[in-house]
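To start, the structure itself, in structure tokens.
Now the structure itself:
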């Protein structure tokens, strides 16, 4: 039973990780295409996952709440989905760790 629960936690974790990757790309594209001022403030990177820190600037943008100032329903929706995915990611990680350790 513990193996099944660990597998469920792992599926939650990897599913949320893939969703984070997709949602970050969508948010990045939305900012680049419809909010060029914000995109320029982030350093106008070509991709979210370049080595110039674009991902962390995108994280800071969402966590600081600056997205609420844009009055853009799409950006707000994407940032909120990112928050939910991060919660699922952590829940899956802790669930897999708990089930594996305690042999539920």
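In the UniProt record's numbering, the protein residues as written are 1 to 104. Don't be surprised by glycine CBs; every beta carbon is placed ideally from N, CA and C.
Integer Cβ distance of residue i from residue j, believed to fall under 8 Å
i, j, result
"residue 81", "residue 23", "5 Å"
"residue 7", "residue 92", "11 Å between Cβ atoms; not a contact."
"residue 27", "residue 88", "Actually they do not touch by this definition, with Cβ atoms about 17 Å apart."
"residue 79", "residue 67", "5 Å"
"residue 96", "residue 9", "3 Å"
Among the options, the one whose alpha carbon lies nearest that of residue i
i, options, result
"residue 32", "54, 99, 68 and 60", "54"
"residue 112", "95, 84 and 99", "The question about residue 112 has no answer here: the residues shown for the chain are numbered 1 through 104."
"residue 38", "69, 21, 77 and 90", "69"
"residue 42", "94, 29 and 58", "58"
"residue 72", "21, 29, 35 and 10", "35"
"residue 62", "3, 90, 86 and 4", "86"
"residue 46", "56, 29 and 60", "29"
Residue i, enclosing alpha helix (DSSP H) - first and last residue
i, result
"residue 46", "Looking at the DSSP string, residue 46 is not in any alpha helix (DSSP H), and its letter there is neither H nor E."
"residue 55", "54-64"
task = For the segment 16-43, list the alpha helix (DSSP H) runs that are entirely contained and at least 4 residues long, ordered along the chain.
result = 36-41
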